[in-house]
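Below: one structure, written as structure tokens.
Residue numbers (this note's numbering): 7 to 436.
Okay, here's the thing in structure tokens:
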């Protein structure tokens, strides 16, 4: 047995939790909650199918900790105790299939299209306009920071009470925690800005608030960028981000998952082809952009698509470019997301010591049984990196929107899952 093969299906410990293998489902925004953030049957079914495939660990799509931190319609919330009963349905169904699940907690900060979610008060570390959306946030006051810290803590408590096996702090991809960490978006001159230690203060305070409520033995992991990918702006490179991760390890996180980029970066975090993606965005979230930006995107979409296709070609394990800095500094597990599609690529990443586990998102949308098919070496619907799913995020339920791949998925589920025969594609009339 090759070293990578032995590792991919070997146990791994994350804090107090031992998992039987090292291929996880990363977070993908589900767009399947009710309009007011409650769990629905549709959302429970989404996770049931992935758990039925034997997936060792599932990380939920981002769950908002307050209404102010909501990033898209039909997003799940953990902002009030009245959400606990519904949230409990998710780990119950996952545990019933033998899996484990972490809740990803998030506040979107400035990365929101206000008209898309009805936001009236957009905040960030500093008042730096988002160049993609045109959203202008205001800088948070110290008392507001303290309040959001406690909101994260309370959300984690609710998730633990609901039966989740751990939580993930979302400090990647340009969301609020990432906005505090990155100099480009954090220009504060108080205790939350300046040197790296101060810029990690918000995340450390969030971790402290979580730990006070869930205890030392409850797994808490963090998602971070391996690189900010902000050319001509004051973004962070792998060594600085790995040092930030070391600070968070010292503060008590149990693992780190490596991603890349902010919304302003374009599409380094997904890669592939982007015609379907941009077309769907124009019908969804980007339809709510300010008029000038919306018009420019419509007019120049073919050129934007061409540029994206050239800049961010699909390849497996693209965030492995950044993981060596993290592996050199950390003792906790390093999880790498980013384009993994084949068992060979996953095994090679582990065998080379570039990470301790791998995670994937889009392949699980194309094939909820992706883990089983990788493990058993059997064929299943295969993601082709068209990113149509990414274009629909926030506007349509998370699913595969490539016609042939989706047809393959529906055929598989009709055969393997009772009651699935003849079910229409998400977003299509029945």
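Heads up, the beta-carbon is just placed ideally off N, CA and C, and yes, glycines get one too.
For the pair residue 233 and residue 329, the Cα-to-Cα distance works out to about 10 angstroms. Segment contact: the segment 384 to 394 against the segment 353 to 361, fewer than three CB-CB distances shorter than 8 angstroms; contact not assigned. Residue environment analysis places residue 31 among the buried positions, since at least 16 neighbouring C-beta atoms fall within 10 angstroms of its C-beta.
With respect to residue 307, residue 326 sits apart: the two C-beta atoms are not nearer than 8 angstroms. Counting every other CB atom within 10 Å of its CB across the protein chains shown gives residue 292 a total of 16 or more, marking it as buried. Here the segment 165 to 182 lies against the segment 105 to 122, with 3 or more beta-carbon pairs under 8 angstroms apart. Cβ contact annotation for residue 361 (same chain, cutoff 6 angstroms, sequence separation greater than five): 329, 340, 342 and 355, in chain order. Counting only unbroken stretches of 4 or more residues, the alpha helix (DSSP H) elements lying wholly within the segment 40 to 95 are 47 to 58 and 90 to 93, in sequence order.
Residue 252 and residue 335 have their C-alpha atoms some 6 angstroms from each other. Inter-residue distance for residue 399 and residue 238 is about 28 angstroms (C-alpha atoms, whole angstroms).
In terms of Cβ geometry, residue 69 and residue 57 do not form a close pair [threshold 8 angstroms]. Looking at the DSSP output, residue 342 sits in a beta bridge with 264 and 364. Inter-residue distance for residue 127 and residue 90 is about 26 angstroms (C-alpha atoms, whole angstroms).
Counting only residues of its own chain and dropping the five nearest sequence neighbours on each side, residue 369 has a CB closer than 7 angstroms to the CB of 347, 376 and 389. Per DSSP, residue 379 has no beta bridge partner at all.
By the criterion of at least three beta-carbon pairs nearer than 8 angstroms, the segment 410 to 425 is not in contact with the segment 301 to 321. Spanning the alpha carbons of residue 157 and residue 55 requires a straight line of approximately 31 angstroms.
If only complete runs of 3 or more residues are kept, the segment 171 to 241 shows the beta strand (DSSP E) at 172 to 177 and 226 to 231, in order along the chain. Excluding five sequence positions before and after residue 53, the CB atoms of its chain that fall closer than 8 angstroms to its own CB belong to 64, 66, 96, 99, 100 and 107, given in chain order.
For residue 394, the uninterrupted alpha helix (DSSP H) segment begins and ends at 394 to 398.
Scanning its chain for C-beta atoms nearer than 8 angstroms, with the 5 sequence neighbours on each side dropped, one finds around residue 262 the residues 227, 228, 229, 230, 251, 254, 255, 332, 336, 338, 339, 340 and 341, in chain order. In this structure, 243 is the residue among 48, 122, 243 and 314 with its C-alpha nearest to the C-alpha of residue 266.
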